[in-house]
Amino acid sequence: MILHRAVPNLTAADPSTGHGFYTDYLGLRVDFDLGWVTSFRSPTNRHVQLSLVGRDATAPENAQVSIGVADVDAAYAEAVERGYEIVHPLTEEAWGIRRFLVREPHGAVLNILRHRD
7 MILHRAVPNL TAADPSTGHG FYTDYLGLRV DFDLGWVTSF RSPTNRHVQL
57 SLVGRDATAP ENAQVSIGVA DVDAAYAEAV ERGYEIVHPL TEEAWGIRRF
107 LVREPHGAVL NILRHRD
């Protein structure tokens with residue numbers, strides 16, 4: 007599997023607040039803000055990114071980490087083949103990603119995704 011990035015997802019009661027800590031203090035910029043999730047990225051290193059998540063808009067649980075992959079369909083098929091718990095099925099989301107959520111062996115939920123081309 008080819009991984010493109012890993013982004014920590016911090017749980018936040020209201021991800022639309024407290025942005026100054028990330029923008030002014032840490033020097034990140036808002037990459038996107040969907041209301042229920044806000045993602046921040048470094049303006050000088052696109053691989054430095056983190057997200058604040060309130061309540062996932064379509065999945066039953068929040069993911070602790072988002073993992074961008076080259077082939078999300080193959081990643082999903084392999085997760086199913088290995089018998090991993092699929093928390094949210096492979097879905098084409100309205101905000102431009104194809105993703106699924108899978109539980110790793112220690113109980114954390116991972117958001118495995120690919121951005122639309």
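Residues 7 to 123 (the numbering used here) make up the sequence shown, in order.
Cβ atoms here follow ideal geometry from the backbone N, Cα and C, with glycine treated the same way.
- Its chain contains N68 as the residues whose beta carbon lies nearer than 6 angstroms to that of D62, once the 5 sequence neighbours on both sides are disregarded; these appear in chain order.
- Distance check between T23 and each of L116, L58, G33 and E87 places L58 closest, using alpha-carbon atoms only.
- The three-state reading of DSSP puts V78 in helix, counting H, G and I together.
- With contacts defined by Cβ atoms closer than 7 angstroms, V71 and A19 do not form a contacting pair.
- DSSP, reduced to helix, strand and coil, places T29 within a helical segment of the structure shown.
- For G60 and N15, the gap between their C-alpha atoms comes out near 10 angstroms.
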